[in-house]
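A.B. asks: Following this message is one structure expressed as structure tokens.
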Amino acid sequence: FQSLASQARDLGATTRFTATQTAEAQLFLARAGFEVNEILEATPATLNLAAAGVLDLGEAADIASNVLQQFSLNASELGDVTDDLVSAANNSNTTVRQLADALNYAGPFAASLGLRVEDAAAAVGALGNAGIKSSLAGTNLRGILISLLKPSKQAAETLDKLAARTGDTGEIFDVTSNSLADIFQAFKDASASAEDFATVFNRRNVSGAQALTAQVGSLEELQSILADNAGEAQRTADIVDDSLRGAFKR
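For the sequence shown, the numbering used here assigns the number 86 to the initial residue and increments by one for each residue that follows.
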């Protein structure tokens with residue numbers, strides 16, 4: 086545990102958080118089941134997430150551990166995860182807290198289909214731009230993925246009809262092999278009607294599917310941003326630290 090104490094002192098001297106606060110973050114991660122080496126890897130990213138997302142350390146550690154578990158990632162990948170969450174929040178009408186809440190509902194199923202954190206975060210951000218946020222965004226995204234993965238016979242016929250309009254096959258709507266941006270661009274190109282959406286998606290997720298179609302431009306932009314966002318959490322944390330909020334917390 087000497088290595089944890091040493092890290093707490095080092096981060097306490099170089100970040101907005103004190104050594105005591107850093108040690109508390111380490112404790113939160115330990116309670117989430119992290120081993121010592123994992124805590125050492127995850128703590129700096131957790132502090133960045135807390136600062137950039139304007140979260141307390143306990144909430145930041147909870148979000149960090151939840152997302153890693155949802156997508157079966159290692160503690161060493163937390164830096165990439167925090168960059169994705171902060172980038173999505175910085176470039177859409179949502180917050181890190183709302184993104185995390187949405188991923189609590191959609192993350193595990195999205196991961197089971199092979200979607201990455203950045204894919205799911207971009208979709209949640211695009212939904213946020215349409216006013217669908219937090220748990221509502223998560224349940225909508227999960228329902229959309231389920232509908233695309235296992236369409237009913239009538240829904241599959243509708244998807245084939247829409248694909249034919251664009252000169253493609255129904256495989257363009259295969260969520261296991263196409264990005265969500267490509268799928269909803271296909272809906273847009275096919276001029277899908279309200280009736281089409283109602284047939285493919287259940288009544289709880291129609292609005293979300295229509296929103297992603299309307300916001301497909303922002304979805305594509307978010308996917309592009311999140312694909313090249315290394316260091317975003319650190320940069321944002323630095324900006325927050327230089328603000329009055331950061332100054333008062335030092």
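Note that the Cβ used here is the ideal one computed from N, Cα and C, for glycine as well.
(1) On the DSSP letters alone, give me the boundaries of the alpha helix (DSSP H) that T284 sits inside.
(2) Starting from A206 and walking both ways along the alpha helix (DSSP H), at which residues does that stretch end?
(3) Just to confirm, are A146 and A117 a CB contact at a threshold of 9 Å?
(4) Could you name the residues of the same chain whose beta carbon sits closer than 6 Å to that of F39, not counting the 5 residues immediately before and after it, in chain order?
(5) Do D204 and Q308 count as a contact pair if the criterion is CB distance below 9 Å?
(6) Here's the rule: buried if 16 or more other CB atoms are within 10 angstroms of the residue's CB, otherwise exposed. What is I324?
(7) Here's the rule: buried if 16 or more other CB atoms are within 10 angstroms of the residue's CB, otherwise exposed. What is N133?
(8) Could you tell me if S219 is buried or exposed, where buried requires 16 or more neighbouring beta carbons within 10 angstroms of its beta carbon?
(9) Can you tell which of N225, T298, I310 and L265 has the C-alpha that lies nearest to the C-alpha of R289?
(10) Closest Cβ-Cβ distance between V325 and chain C: below 9 Å?
(11) Select from A173, A283 and S276 the residue whose C-alpha is nearest the C-alpha of A299.
(12) Given a cut-off of 9 Å, decide if A240 and T284 are closer than it, judged by their beta-carbon atoms.
(13) Got a sec? Which residues, its chain only, sit under 6 Å from R250 by beta carbon, not counting five neighbours each side?
(14) Find the nearest neighbour of N337 within the set L163, L153, P193 and A208, judged by alpha-carbon distance.
(15) So V398 and D169 are in contact, right, with Cβ under 8 Å, and what is the actual spacing, rounded?
(16) Can you tell me whether A196 sits near the ligand GTP, meaning its C-beta is under 8 Å from at least one heavy atom of the ligand?
(17) By how many angstroms is the C-alpha of E242 removed from the C-alpha of L184?
(18) Classify S172 as buried or exposed, calling it buried when 16 or more other Cβ atoms lie within 10 Å of its own Cβ.
(19) Distance check for R227 and A312, CA to CA, integer angstroms please.
(20) Measure the C-alpha to C-alpha separation of G331 and S150 and round it to an integer number of angstroms.
(21) Which of helix, strand or coil does DSSP assign to Q300?
(22) What three-state label does DSSP hand K246 in the structure shown?
(23) Under the three-state reduction of DSSP, which class applies to G252: helix, strand or coil?
(24) Between the C-alpha atoms of Q92 and T105, what's the straight-line distance to the nearest angstrom?
(25) Would you identify the three-state DSSP class for D165, choosing helix, strand or coil?
(26) Inspect the beta-carbon positions of L198 and L230 and report whether they are closer than 9 Å.
C.D. replies: With the structure as the only source:
(1) For the purposes of this step, residue 284 is identified with residue 199 of the sequence shown, where counting begins at 1. A279 to V285 is the extent of the alpha helix (DSSP H) around T284.
(2) Here residue 206 refers to the residue found at position 121 when the sequence shown is read from its first residue. It spans V202 to N214 - the alpha helix (DSSP H) in which A206 sits, taken as one unbroken run.
(3) Counting from one through the sequence shown, the residue named residue 146 turns up at place 61. Counting from one through the sequence shown, the residue named residue 117 turns up at place 32. Cβ atoms of A146 and A117: closer than 9 Å.
(4) Absent from the model: residue 39. The displayed extent of the chain is 86 to 335, so no value can be given.
(5) Your numbering for residue 308 matches position 223 in the sequence shown. Your numbering for residue 204 matches position 119 in the sequence shown. Contact: yes.
(6) On the sequence shown, position 239 is the one that residue 324 refers to. That one is exposed.
(7) The residue given as residue 133 occupies position 48 in the sequence shown. Counting Cβ neighbours within 10 Å, N133 comes out buried, since at least 16 surround it.
(8) Here residue 219 corresponds to residue number 134 of the sequence shown, with the count starting at 1. By the 10 Å Cβ count, S219 comes out buried.
(9) Indexing the sequence shown from 1 puts residue 289 at position 204. Of the candidates N225, T298, I310 and L265, the one whose C-alpha sits nearest the C-alpha of R289 is N225.
(10) In summary, chain C is missing from the structure at hand, where a single protein chain is found.
(11) Within the sequence shown, the letter at position 214 stands for residue 299. Here the closest residue by C-alpha is S276.
(12) Within the sequence shown, the letter at position 199 stands for residue 284. Within the sequence shown, the letter at position 155 stands for residue 240. A contact, by the Cβ cut-off of 9 Å.
(13) To locate residue 250, count along the sequence shown from 1; it is residue 165. So the qualifying residues of the chain are A275.
(14) Summary: the structure shown does not reach residue 337, with the chain confined to residues 86 through 335, and so no result is reported for it.
(15) Since the displayed the chain opens at 86 and closes at 335, residue 398 lies outside it and no answer follows.
(16) The model on display carries no ligand, and the ligand GTP is accordingly not part of it.
(17) Here residue 184 is taken as the residue at index 99 of the sequence shown, counted from 1. Here residue 242 is taken as the residue at index 157 of the sequence shown, counted from 1. Taking the straight line joining both Cα atoms gives about 33 Å.
(18) For this step, residue 172 is matched to residue 87 along the sequence shown. Result: buried.
(19) Sequence index remark: in the sequence shown, residue 312 carries index 227 (1-based). Sequence index remark: in the sequence shown, residue 227 carries index 142 (1-based). Spanning the two alpha carbons is a distance of roughly 22 Å.
(20) In the sequence shown, residue 331 corresponds to position 246, counting from 1. In the sequence shown, residue 150 corresponds to position 65, counting from 1. At G331 the pLDDT is 48, less than 50, meaning the model places this residue with poor confidence and gives no usable figure here.
(21) In the sequence shown, the residue the question calls residue 300 occupies position 215. Here Q300 sits in coil by DSSP.
(22) Residue 246 sits at position 161 when you count from the first residue of the sequence shown. K246 falls in the helix class under three-state DSSP.
(23) Within the sequence shown, numbered from 1, the residue matching residue 252 stands at position 167. G252: coil per DSSP, three-state reduction.
(24) Counting from 1 along the sequence shown, the entry for residue 92 is found at position 7. Counting from 1 along the sequence shown, the entry for residue 105 is found at position 20. Distance between the alpha carbons of Q92 and T105 is about 11 Å.
(25) Here residue 165 corresponds to residue number 80 of the sequence shown, with the count starting at 1. Residue state, collapsed to three classes: helix.
(26) Sequence index remark: in the sequence shown, residue 198 carries index 113 (1-based). Sequence index remark: in the sequence shown, residue 230 carries index 145 (1-based). Contact flag set, yes.
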